[in-house]
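2 protein chains.
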Amino acid sequence: MHDMQGGEDLLFLTDEQLRQGIEAMFFAYRGFTADPDRILEGMAYGRAHHRAIHFIARAPGTNVNNLLAILGVTKQSLNRVLRTLVDDHLVESRVGTSDKRERHLFLTEEGAVLERLLSDAQRARLRAAFRTVGPEAVSGFRKVLEAMMDADMRRKYFDIRDSSL
Amino acid sequence: MHDMQGGEDLLFLTDEQLRQGIEAMFFAYRGFTADPDRILEGMAYGRAHHRAIHFIARAPGTNVNNLLAILGVTKQSLNRVLRTLVDDHLVESRVGTSDKRERHLFLTEEGAVLERLLSDAQRARLRAAFRTVGPEAVSGFRKVLEAMMDADMRRKYFDIRDSSL
DNA sequence: TTGGAATGTCAACAAAGCTGACGTATTATG
DNA sequence: CATAATACGTCAGCTTTGTTGACATTCCAA
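Line order of the protein sequences matches chains A and B.
Under our numbering, the residue at position 131 of the first sequence is numbered 131, and the numbers go up by one with no gaps.
With the second sequence counted from 1, adding 1000 to any position gets you our numbering.
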């Protein structure tokens, strides 16, 4: 009994291949967060602080509502994180100019230092991985991740992406 | 002033590209867990239960220590999850045959039903993404994820992968 | 027979999510 | 102008999932 189909084109969608994809995501995400986690343990901060710092660095002057939408948490949860960062002078919260109800968020010098420390570690891992596999594979990696996002998250991802070109 | 280098080969490692990779991982992981999370909310289970169920389904008869190593949590944390699953008759814990200190873990019929429900949902999302981008991109996706793992996790990933062929 | 391994369990705690309720500016709107 | 809606902050309490530390049991192996 020989193969009826083209092989590669159909076989890559078997349940087994999909399960391997699932496990790859699981293990890779652990590696992805491992270095920043290590840096933050001991400090009074965690992964939630890292995420906030990352997106404030990425979109300086963003307001709380926007950050809320990107992070996908409640304002109470974000506020707890943001409060410690503001108290510790890593983040500055400025009253809005056009709309004074809004707060615009910026990293302080000190905040930018921590941000760089964290993102250097995370980028180093990604850079090593990217270098190992080559640009072709990286392109595929990005395509799959983008296709995997929820539609509204994909919109936000491209928003941030396109606003920093 | 014209380009001195090949472009693609060096540009794909700019900090901007790496940051986009980081954000792609963040948003994609959210999508990756969204469907199982939705299914589990309302039941008394969470993501931790899903992970345990997944790897027990994947390696039936695995012992606690092995599961501990794969999941990367403490035995106390795993035990809490495992206990509820055993109490609810989703997981069976059999005393080891060769080494009676060990417990071998299996899904019950009922457990297998839930496992299928969860993994069908998760696989459906991955399948859709994979179909959208094509086998070439999927291959790149897998390569990058594997390169991103910690060395010991990569070993475990391949162990599981190769044991179910 | 004795030390170490595998497992289970108790207690206490922390990080980070959640809901609900409420207060206070500020802006928008009828 | 009065009122509604928005943006933000905060209090209280709860859940999930992780952590340490301590201790008991069972069993394998030297």
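Idealized CB from N, CA, C, for every residue including glycine.
Since we're looking at a predicted model, the values are computed, not measured.
Alpha-carbon spacing of residue i relative to residue j, whole angstroms
i          : j          : result
A/Val-144  : A/Ser-163  : 22 Å
A/Arg-103  : B/Leu-1068 : 44 Å
A/Phe-141  : B/Ser-1098 : 44 Å
B/Ile-1056 : B/Phe-1012 : 39 Å
B/Asn-1066 : B/Glu-1023 : 32 Å
A/Arg-155  : B/Ser-1077 : 36 Å
B/Asp-1087 : B/Leu-1018 : 45 Å
A/Phe-158  : A/Asp-150  : 12 Å
A/Ala-129  : B/Arg-1083 : 38 Å
A/Ala-137  : A/Asp-152  : 26 Å
A/Met-43   : A/Val-64   : 24 Å
B/Leu-1071 : A/Leu-105  : 36 Å
B/Ala-1112 : B/Asp-1035 : 18 Å
B/Lys-1100 : B/Leu-1126 : 39 Å
A/Arg-58   : B/Thr-1014 : 15 Å
A/Phe-26   : B/Met-1025 : 11 Å
Chain A contact residues for residue i, given Cβ-Cβ distances below 9 Å
i          : result
B/Asp-1150 : Phe-27, Arg-30, Gly-31 and Ala-34
Interface partners of residue i on chain A, CB under 8 Å
i          : result
B/Arg-1123 : Asp-15, Leu-18, Arg-19 and Ile-22
B/Ser-1077 : Chain A residues near B/Ser-1077: none, gap ~15 Å exceeds 8 Å.
B/Arg-1127 : Leu-13 and Leu-18
B/Tyr-1157 : Glu-23, Ala-24 and Phe-27
B/Met-1153 : Phe-27, Arg-30 and Gly-31
Neighbour-count burial assignment, residue i, 16 or more Cβ in a 10 Å radius
i          : result
B/Thr-1062 : buried
A/Val-95   : exposed
A/Leu-107  : buried
B/Met-1148 : buried
A/Ala-124  : exposed
B/Leu-1117 : exposed
B/Leu-1040 : buried
B/Arg-1038 : exposed
Residue i: contacting residues in chain A (beta-carbon distance under 7 Å)
i          : result
B/Glu-1136 : Gly-140
B/Ile-1160 : Glu-23
B/Gly-1072 : Arg-30
B/Thr-1132 : Ala-147
Proximity test, residue i beta-carbon vs the ligand COA heavy atom, cut-off 7 Å
i        : result
A/Ala-28 : The ligand COA is absent from the structure shown, which contains no ligands of any kind.
Expected contact under 8 Å - CB spacing of residue i and residue j to nearest Å
i          : j         : result
B/Arg-1161 : A/Gln-122 : With a Cβ gap of about 26 Å, B/Arg-1161 and A/Gln-122 do not count as contacting.
Contact list for residue i against chain B, beta-carbon separation under 7 Å
i         : result
A/Leu-145 : Ala-1024, Met-1025 and Ala-1028
9 Å Cβ cut-off: residues of chain B touching residue i
i        : result
A/Ser-93 : Result: empty, since nearest Cβ-Cβ is about 23 Å, beyond 9 Å.
Pick out the complete alpha helix (DSSP H) segments inside the segment 1072-1141 of chain B, 4 residues or longer, and give them in chain order.
1075-1087 and 1109-1133
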